[in-house]
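**Q** Shown below is the structure under consideration.
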Amino acid sequence: YPGNNSFMLRVEYGTLCRQYFGPRVAIFCQGLFQLAMLCANISNIIQTAQVLDYFVASLNHEKSCALMFYPHFEGFCHRSSTDVTPFGTGK
């Protein structure tokens, strides 16, 4: 980054995009970066929920329980050792 030879300035992603690509492309790059961060956060939340669910299922004799809100409200439990998800492929 120009003028930062001694590394005293705080240079971030948006600053670099504005410096080298101009304001219009910088806004697009910043939006793309925020979208990528949103996707990564959603993915990590899902992975954490699955790990927690598998942990609770291992404590509960490999049975996983949940609440279903749609199409009608009910609680259900499922046990399967062959499915990818703890709730089975049919739900």
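This note's numbering numbers the first residue of the sequence shown as 4 and each following residue consecutively. Built from N, CA and C at the ideal position, the CB exists for glycine as well.
Quick check on Cys80: buried or exposed, where buried means 16 or more other Cβ atoms within 10 Å of its Cβ?
**A** Answer is exposed; the Cβ neighbour count stays below 16.
**Q** For Phe76 and Ala69, I'd like the C-alpha separation in whole angstroms.
**A** Using only the alpha carbons, I get a separation of about 11 Å.
**Q** If we cut at 8 Å on Cβ distances, does Ala69 have a partner in chain C?
**A** Going by chain labels, chain C is absent from the structure shown, which holds only one protein chain.
**Q** Taking Phe79 as part of the beta strand (DSSP E), name the residues at either end of that continuous run.
**A** Segment Glu77 to His81, the beta strand (DSSP E) holding Phe79.
**Q** When we look at the beta-carbon of Met11 and count the other beta-carbons within 10 Å, is it buried (16 or more) or exposed?
**A** That one is exposed.
**Q** Which residues in the same chain as Lys94 place their Cβ atom closer than 6 Å to its Cβ, once the five residues preceding and following it in sequence are excluded?
**A** In this prediction, Lys94 has a pLDDT of 49, which is less than 50 and means its spatial position is unreliable; what the coordinates show is noted afterwards. Answer for Lys94: no residue qualifies.
**Q** Take Gly17 and list the residues in its own chain whose beta-carbon comes closer than 6 Å to its own, dropping the five residues that flank it on each side.
**A** Taken in chain order, the residues that qualify are Gln33.
**Q** Roughly how many angstroms lie between the CA atoms of Asn63 and Tyr23, to the nearest whole one?
**A** Each residue's alpha carbon lies about 56 Å from the other.
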